[in-house]
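This report refers to the structure that appears directly beneath it.
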Amino acid sequence: MIISIASGKGGTGKTTVATNLAASLDSDVQVLDCDVEEPNSHLFIQPTIEEVKTISTPVPEVDMDKCTLCGKCAEICQFNAIVVIGETVLPFHELCHSCGGCMAVCPEKAITETDRELGIIEKGHRNGIEFVHGKLRVGEAMSPPLIRKVREYTRPGRLTIIDAPPGTSCPVIASMTGADFVLLVTEPTPFGLHDLKLAVGAVKILGIPSGLVINRSGMGDDQVREYAEQEGLHILMEIPFDRRIAEAYSRGDLVVDVMPEWKEKFLELYHRIEKLAG
Amino acid sequence: MKEIVIISGKGGTGKTSIISAFASLVENKVLCDADVDAADLHLIMNPEIKERHDFESGYTAIINQDKCTECGLCRELCRWDAISENFVVDSIECEGCGVCYYFCPEKAIDFPMNTCGEWYLSETRFGPMAHARLGIAEENSGKLVTLIRKEGKKLAEEKKLDLLLTDGPPGIGCPVIASLGGATAVLIVTEPTVSGRHDMERVAELAAFFKIPAMMCVNKFDLNPGEGEAIEAFARERNVTVIGRVPFDPAFTQAMVQGKTIVEFDSQSEGCLAVKGIWETLSQRLEI
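Next up, the structure:
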């Protein structure tokens with residue numbers, strides 16, 4: 001089963017839920033941190049990293065000895081990532097989406113592919129948890145290709161927990177698509193509610209069963225709960241606003257280590273997810 | 279004209295609450311919400327929309343089943359596995375590269391432009407505002423960020439205002455990069471947690487990469503003062519100007535629930551006084 005943990009709004013507790021859920025399960029579990037722009041799960045799981053891999057995406061390189069300046073590459077490129085200027089063809093690697101169109105269209109076979117580094121993937125272990133995350137290279141704009149590479153580490157037949165990035169656009173979709181269940185985490189505030197609605201919209205487009213965790217409950221108002229009831233969105237767990245939890249998080253401690261009574265609650269959350277995911 | 283962009287790396291550190299407070303404190307500015315993916319500033323600003331525009335960007339392939347001979351060339355060329363075995367394009371997976379459209383021997387593929395969202399020019403009780411809404415599951419958030427900042431600047435020029443206050447997105451990827459170019463300075467709002475530190479380091483590195491001067495404040499400082507001090511020390515090492523600390527103050531959430539800025543909600547609250555201090559420092563440094 002693949003459980004993707006998403007939120008819309010950032011900072012609502014996705015990582016807290018993902019890491020504590022993983023640490024509460026005794027079974028073989030994988031955590032894939034797909035928030036490759038700002039991955040944080042490793043700060044809590046503290047895995048021993050066993051494998052580091054540089055991930056690249058193919059971008060064009062032009063052999064000017066073969067090029068006849070016909071301009072077809074520039075014509076097919078939707079991203080303005082290759083242009084003909086005077087007597088030369090200039091690829092802009094950072095704009096390239098790696099579609100391979102320029103290479104396919106070039107009648108002179110003057111285009112080959114080289115690599116643009118997207119970032120790295122690190123893989124490790126901590127107790128029963130297999131851990132994988134991507135780290136986007138600072139300055140690199142495109143996270144979805146790296147997210148897709150992280151997701152290639154999914155081992156079918158095991159439980160995979162995905163820590164998704166905030167928002168509702170392409171990086172989030174890349175982290176949710178193909179999941180068996182999306183666990184939404186929000187906080188009971190107007191911002192949390194507004195962005196939760198967007199996340200619910202994204203989950204609906206993908207047609208994945210979902211449920212809700214309300215984090216820091218008691219701090220804002222009741223509108224998230226009212227919305228969940230109207231929507232038929234199951235509230236699977238509530239984590240009260242508790243300074244001890246916030247402080248544990250600030251230090252990089254797992255809630256279940258500091259307050260072991262929470263382990264039972266995360267296990268219950270998992271059983272509820274299992275039921276809803278079918 | 280000067281533009282301050284508020285970013286954080288990590289989400290949920292208080293960017294929008296702090297820029298809302300600035301909106302209350304500063305005159306002669308335009309507000310710009312560049313967090314188009316999960317825009318929240320309008321929940322406090324309650325803008326009256328004066329102009330509404332479609333945001334069109336990017337394309338999606340659509341296969342015309344009547345013309346398709348199922349030759350399979352499109353599936354072979356598509357690097358996104360976006361075309362199913364029965365030749366239907368998954369619009370979510372489609373990158374809009376147009377390779378299938380270009381090569382289809384039957385001309386059976388349409389390639390219409392996407393409407394991926396809307397953008398708005400509005401009036402608020404704190405002055406003009408440019409904002410947007412990216413459609414759910416849409417792409418091109420970076421382009422929409424660039425557009426909304428450009429419109430914000432135009433609006434400021436028209437109204438003869440010389441400051442743009444921009445609420446940026448979380449992360450360090452495409453929309454954040456789009457929110458940095460040409461900014462006078464960024465204000466990084468972080469929190470005293472291991473995640474806040476980790477993410478702040480990456481976003482500070484990003485600002486340095488694009489040579490944008492960076493300032494920083496730690497929100498909810500008293501949650502973990504040791505971590506807060508460590509973040510400040512790191513910032514100084516990297517030439518990020520530390521311009522203040524904001525205490526954990528429930529008044530921020532209480533203000534948000536009422537759709538108010540913390541200045542409107544309780545101008546004597548600890549949180550409000552801290553943000554006022556930060557604005558004073560920031561405006562002196564940037565000569566606003």
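Protein chains in written order, with the working numbering: chain A, 1 to 278; chain B, 279 to 566. Positions of the beta carbon are idealized from the N, C-alpha and C atoms, including for glycine. Model, not experiment: these values are computed from the prediction.
Check                                                                                                                          : Outcome
3-residue-minimum beta strand (DSSP E) runs that sit fully inside the region 22-57 of chain A, ordered along the chain         : 29-33
CA-to-CA distance, residue 402 of chain B to residue 462 of chain B, given in whole angstroms                                  : 24 Å
Inter-stretch contact at 8 Å, needing at least 3 Cβ pairs: the region 62-76 of chain A / the region 154-170 of chain A         : no
Reduced DSSP secondary structure (H/G/I, E/B, other) of residue 103 of chain A                                                 : helix
Chain A contact for residue 316 of chain B (CB, 9 Å cutoff)                                                                    : yes
Complete alpha helix (DSSP H) runs within the region 522-559 of chain B (minimum length 4 residues, chain order)               : 529-535, 540-543
Beta-carbon proximity check, residue 53 of chain A vs residue 9 of chain A, cutoff 9 Å                                         : no
Chain-ordered neighbours of residue 9 of chain A on chain B, where CB pairs are closer than 7 Å                                : 289, 290, 316
For residue 476 of chain B, three-class secondary structure by DSSP                                                            : helix
6 Å CB neighbourhood of residue 97 of chain A in its chain, flanking five on each side removed                                 : 79
Amino acids of chain A, ordered along the chain, whose beta-carbon sits closer than 8 Å to that of residue 502 of chain B      : 247, 250, 251
Proximity below 9 Å, CB of residue 351 of chain B to CB of residue 378 of chain B                                              : yes
N- and C-terminal bounds of the alpha helix (DSSP H) containing residue 135 of chain A                                         : Where residue 135 of chain A is concerned, there is no enclosing alpha helix (DSSP H), although the beta strand (DSSP E) it sits in stretches over 129-136.
Span separating the alpha-carbon of residue 413 of chain B from that of residue 190 of chain A                                 : 20 Å
Alpha helix (DSSP H) runs contained entirely in the region 136-214 of chain A, provided each spans 4 or more residues          : 144-151, 170-176, 190-206
Residues sharing a beta bridge with residue 226 of chain A, DSSP                                                               : BP columns for residue 226 of chain A are empty, so no partner.
Neighbour-count burial assignment, residue 469 of chain B, 16 or more Cβ in a 10 Å radius                                      : buried
Contact list for residue 380 of chain B against chain D, beta-carbon separation under 8 Å                                      : No chain D appears in this structure, whose protein chains are A and B.
Delimiting residues of the alpha helix (DSSP H) encompassing residue 358 of chain B                                            : Run containing residue 358 of chain B: none; DSSP gives neither H nor E here.
Sequence-distant residues of its chain with Cβ nearer than 8 Å to residue 172 of chain A (five each side left out)             : 6, 164, 165, 166, 199, 202
Neighbour list for residue 165 of chain A in chain B, Cβ cutoff strictly below 7 Å                                             : 449
Where residue 533 of chain B falls, given that 16 or more other Cβ within 10 Å makes a residue buried                          : buried
Cutoff 9 Å: residue 409 of chain B Cβ touching any chain A Cβ                                                                  : no
Per-residue contacts from residue 257 of chain A into chain B (C-beta, under 7 Å)                                              : Going along chain B, no residue has its Cβ under 7 Å from residue 257 of chain A, so there is no contact; the nearest lies around 14 Å.
Short CB-CB distance (under 9 Å) between residue 243 of chain A and chain B                                                    : yes
Residue range of the unbroken beta strand (DSSP E) whose run includes residue 331 of chain B                                   : 326-337
Whole-angstrom distance between residue 471 of chain B and residue 559 of chain B, CA atom to CA atom                          : 24 Å
Backbone CA spacing between residue 196 of chain A and residue 184 of chain A [nearest angstrom]                               : 8 Å
Which listed residue (B:498, B:446, B:556, B:541) has its alpha carbon closest to that of residue 281 of chain B               : B:446
Closest residue to residue 287 of chain B among A:37, A:135, A:222, A:141 (Cα-Cα distance)                                     : A:37
Short CB-CB distance (under 9 Å) between residue 415 of chain B and chain A                                                    : yes
Range of the contiguous alpha helix (DSSP H) that encloses residue 508 of chain B                                              : 503-515
Among A:19, A:44, A:211, A:220, nearest to residue 530 of chain B - alpha-carbon criterion                                     : A:220
Anticipated Cβ contact below 8 Å, residue 457 of chain B with residue 427 of chain B, distance rounded                         : 7 Å
Sequence-distant residues of the same chain with beta carbon closer than 6 Å to residue 112 of chain A, five excluded per side : 61
Residue burial classification, residue 497 of chain B (beta-carbon count within 10 angstroms, cutoff 16)                       : buried
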